[in-house]
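Here the working numbering = 1-based position in the sequence shown + 45.
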Amino acid sequence: MIATNYSEVRNSLKAYCDKATKDYETIIITRKNNENVVLMSEEVYNNLMENLYIMSNKDYYNELIRRKKEIEKGNYIEHDLIEVD
Numbered sequence: 046m047i048a049t050n051y052s053e054v055r056n057s058l059k060a061y062c063d064k065a066t067k068d069y070e071t072i073i074i075t076r077k078n079n080e081n082v083v084l085m086s087e088e089v090y091n092n093l094m095e096n097l098y099i100m101s102n103k104d105y106y107n108e109l110i111r112r113k114k115e116i117e118k119g120n121y122i123e124h125d126l127i128e129v130d
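Shown next, in the form of structure tokens:
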């Protein structure tokens with residue numbers, strides 16, 4: 046995580062965007078009156094939103110964990126994919 050001020054980001058926006066997208070870096074942009082903002086890649090943002098959604102539904106999360114444990118134990122059936130024209 047990088048923290049920098051608004052002026053620095055304004056002067057080097059492309060470099061900070063590259064850090065966010067290529068290095069998966071999260072940039073905290075500090076502003077007056079503690080009105081800070083966060084710059085992150087769309088990929089990181091989408092992953093964060095997906096995780097929040099999964100974690101917000103306790104039943105869905107518990108089922109996901111249960112199935113993960115079953116896979117780790119080898120309790121699954123593997124199928125070949127069917128090609129569709």
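The beta carbon of each residue, even a glycine, is placed where N, CA and C say it ideally should be.
- In this structure I122 is exposed. Its beta-carbon is surrounded by fewer than 16 other beta-carbon atoms within 10 angstroms.
- Contact check for L84 and A60: beta-carbon distance about 11 Å, past the 8 Å limit, so the pair fails to qualify.
- With at least 16 other beta carbons inside 10 angstroms of its own, I74 counts as buried.
- The shortest C-alpha to C-alpha distance from S86 to any of N107, E115, C62 is the one to C62.
- Assignment of I74 by DSSP, reduced to helix, strand and coil, places it in the strand class.
- Residue range 87-101 is occupied by the alpha helix (DSSP H) that includes N96.
- N50: member of the beta strand (DSSP E) spanning 47-50, first to last residue.
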